[in-house]
DNA sequence: GTTCCTGCAAAAGCTTTGCAGAAGA
DNA sequence: TCTTCTGCAAAGCTTTTGCAGGAAC
């Protein structure tokens, strides 16, 4: 469903998206870590190998990618924005305990929306919250 | 489905939630304006009749209500938190043009979640984005 | 050679915190 | 009376903006 990184980069180049090494690394990170990172998480991860990398550049890159619809910005809670290489048909589950966001398969396009006649739907999001299996286990063990 | 405001207030009182006039007005606003306002919108609306009302108090009230699960905090996008008297079985539609958030009926509880076995689901959210009928109309008229 | 990107510093928003005085139960 | 709320000021975070130098095409 998701193209290879190379195919993805070609698509971006066709959209006149300039591929600096900062942008390449950001894309590579998003591609390899489909864990819905925040801008800060991306910056922390890339900073090790690119000490000069600025957070402004991360924001600039992410905003540019969102604008050309190559990446989706989701805000599930906590006033923080998370970024996601676009993959179809999935929902998000955020663990209220460890903060991890999980994807799960769901055919959102089949989702009934007969109550929205007259609306133009551009984006569909399904976000659940709760506690993930690992945190449930830890909780039970500590009881 | 939603209890009357009076019933709602009794429930809160039972939860040891103190009903100052600032809190009463905030609750009344949330009850009468189920439009998912931001803290700022609530403050603006109430400020007219209560010039001394502070935003800190709005935040305090909203956070307290969220903690006792009388109100839900949703973040759909734009790094802003919106607040919602809890009503079951509805989804949200945010117009990307005018920013309005619409409710629509949807049985979220029946939503298939067989991919989430082992997860404890506490909250389910469905958020669509797009353009509302009124903005679509304005757009067509200006073409 | 243009155009656009990078990164610093500063600014802008929204939300939280500390604290003294005031109000609810 | 005791506990909790209010509101000011200040701080904390995340994100955006302005701008000069530098890199991509």
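Protein chains in written order, with this note's numbering: chain A, 689 to 831; chain B, 689 to 831. Using N, Cα and C, we set each Cβ at its ideal position, and we do this for glycine too.
Contact holds between the region 750-765 of chain A and the region 758-773 of chain B, because three or more Cβ pairs, one in each stretch, are under 8 Å apart. In the three-state scheme derived from DSSP, where H, G and I count as helix and E and B as strand, residue 729 of chain B is classed as helix.
Residue nearest to residue 808 of chain A within the set B:711, B:726, B:753 and B:823 is B:823 (criterion: CA-CA distance). Annotated as distal: residue 789 of chain A and residue 731 of chain A, with beta-carbon spacing of 8 Å or more.
The shortest CA-to-CA distance from residue 752 of chain B to any of B:811, B:791 and B:711 is the one to B:711. Within the region 715-740 of chain A, no residue has its Cβ closer than 7 Å to any Cβ of chain B.
Only residues of its own chain outside the window of five on either side were considered, and among them 756 have a CB closer than 7 Å to the CB of residue 703 of chain A, listed in chain order. Taking C-beta atoms as the reference points, residue 759 of chain B and residue 746 of chain B fail to come closer than 8 Å. Of all residues in the region 801-823 of chain A, only 801, 803, 804, 806, 807, 808, 809, 810, 811, 812, 813, 814, 815, 816, 817, 818, 819, 820 and 821 place a beta-carbon less than 8 Å from a beta-carbon of chain B. For residue 767 of chain A, the closest Cβ of chain B is nearer than 8 Å. At a cut-off of 8 Å between beta-carbon atoms, residue 773 of chain A makes no contact with chain B.
Annotation: residue 756 of chain A has no Cβ neighbours in chain B at a cutoff of 7 Å; minimum Cβ distance is about 16 Å. Closest by C-alpha distance to residue 754 of chain B, out of B:811, B:695 and B:692, is B:811.
According to the DSSP assignment, residue 754 of chain A belongs to the alpha helix (DSSP H) that extends over 743-755.
Sixteen is the threshold: when 16 or more other Cβ atoms of the shown chains lie within 10 Å of the Cβ of residue 819 of chain B, as they do, the residue is buried. With contacts defined as CB atoms closer than 8 Å, residue 779 of chain A and residue 816 of chain A qualify as a contacting pair. By the rule that beta-carbons nearer than 8 Å mark a contact, residue 764 of chain B touches chain A.
According to the DSSP secondary-structure assignment, residue 793 of chain B is paired through a beta bridge with B:778. Inclusion of residue 719 of chain B and residue 741 of chain B in the CB contact set at 8 Å is not warranted, their separation being larger than that value.
If you draw a 10 Å sphere on the C-beta of residue 776 of chain A, you find fewer than 16 other C-beta atoms in it, and that means exposed.
When the beta-carbon positions are compared, residue 781 of chain B and residue 825 of chain A stay at least 8 Å from each other. Across the structure, residue 734 of chain B and residue 706 of chain B are spaced so that their CA atoms are roughly 19 Å apart. At a cut-off of 8 Å between C-beta atoms, residue 694 of chain A does not count as an interface residue with respect to chain B. Just measuring C-alpha positions, the residue of A:791, A:726 and A:806 sitting nearest residue 783 of chain B is A:806. Taking C-beta atoms as the reference points, residue 727 of chain A and residue 700 of chain A fail to come closer than 8 Å. Between the alpha carbons of residue 713 of chain B and residue 698 of chain B lies a gap of roughly 15 Å. C-alpha of residue 827 of chain B to C-alpha of residue 716 of chain B: approximately 35 Å in a straight line.
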